[in-house]
Amino acid sequence: MATPKNDKTPVDENVDDSAAYEMSQRGSQIDDPLEAIKAMRLGQLSVCRLKTEHEMQAMVSKATSTKTVRHNAKTDD
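Residues 1 to 77 in the UniProt record's numbering are what the sequence shown spells out, letter by letter.
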């Protein structure tokens, strides 16, 4: 019997879990209303998580630029 050398699909460790979940659920039909609500909430939570991450990055970059401006103002004396 011939068997494929690579049975396993390579896993990217940096892939977001919510994206993997969404990909796994794409083809399945949701008949249970609770499962439909759960899927909807998971989607909303992933969007919220991304938005929060972007806001945090903006806050960090703003804080970094503020420190740079303050540092430059002190050294100009």
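Just so you know, even glycine gets a beta-carbon here, dropped at the ideal spot from N, CA and C. Just so it is clear, the structure is predicted and the values come from calculations on it, not from any experiment.
DSSP-derived helix/strand/coil call for residue i
i	result
residue 17	helix
residue 58	helix
residue 68	helix
Same chain, Cβ closer than 8 Å to residue i, five either side skipped, listed in chain order
i	result
residue 63	none
residue 21	42
Proximal residues to residue i (C-beta, below 6 Å), its chain only, five neighbours per side dropped
i	result
residue 1	With a pLDDT of only 48 at residue 1, under 50, the local geometry of the prediction cannot be trusted, and the value read off the model is given with reservation. Same-chain partners within the cutoff: there are none.
Specify whether the region 36–48 and the region 56–69 touch according to this definition: at least 3 beta carbon pairs, one from each stretch, less than 8 Å apart. no
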